[in-house]
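Worksheet for the structure shown next.
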């Protein structure tokens with residue numbers, strides 16, 4: 469060949485703008501990474517709060533179901549008592565009428 473195996477790469481001269489803006493970009497990137505870590509930490513705390521609140525909601529829903537069942541039973545008892553009282557009132561009224569009729 470007659471040539472050597474040496475190859476030299478020559479880049480054209482670069483401008484100094486990248487050297488000027490890189491420190492600012494790195495600083496901005498670091499700030500964003502810190503903010504991201506803070507958001508992750510806050511997110512973890514909020515997820516724990518959500519989990520606790522969901523547990524409380526579940527307990528409250530069970531309590532509501534129990535109270536609704538109790539309310540239903542109490543309403544049924546009240547209706548039975550009202551029916552008995554109405555029947556007793558009707559008997560008392562008939563008894564009074566009978567006694568008044570008998571007195572005359």
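Residue numbers (the working numbering): 469 to 572. Virtual Cβ for every residue (Gly too), placed ideally from N, Cα, C.
Minimum Cβ-Cβ distance from residue 529 to chain D less than 8 Å: The question asks about chain D, but that chain is absent: this structure has only one protein chain.
Backbone secondary structure at residue 483 - three-state DSSP: Sequence index remark: in the chain shown, residue 483 carries index 15 (1-based). Three-state DSSP puts residue 483 in coil, outside helix and strand.
Euclidean distance between Cα positions of residue 557 and residue 565: By one-based count along the chain shown, residue 557 stands at place 89. By one-based count along the chain shown, residue 565 stands at place 97. Rounded to the nearest angstrom, the two C-alpha atoms are 12 Å apart.
Three-state secondary structure assigned by DSSP to residue 565: Within the chain shown, residue 565 is the residue found at index 97, counting from 1. It is helical.
Straight-line Cα distance separating residue 567 from residue 560: As a position in the chain shown, residue 560 is number 92, starting the count at 1. As a position in the chain shown, residue 567 is number 99, starting the count at 1. Distance between the alpha carbons of residue 560 and residue 567 is about 10 Å.
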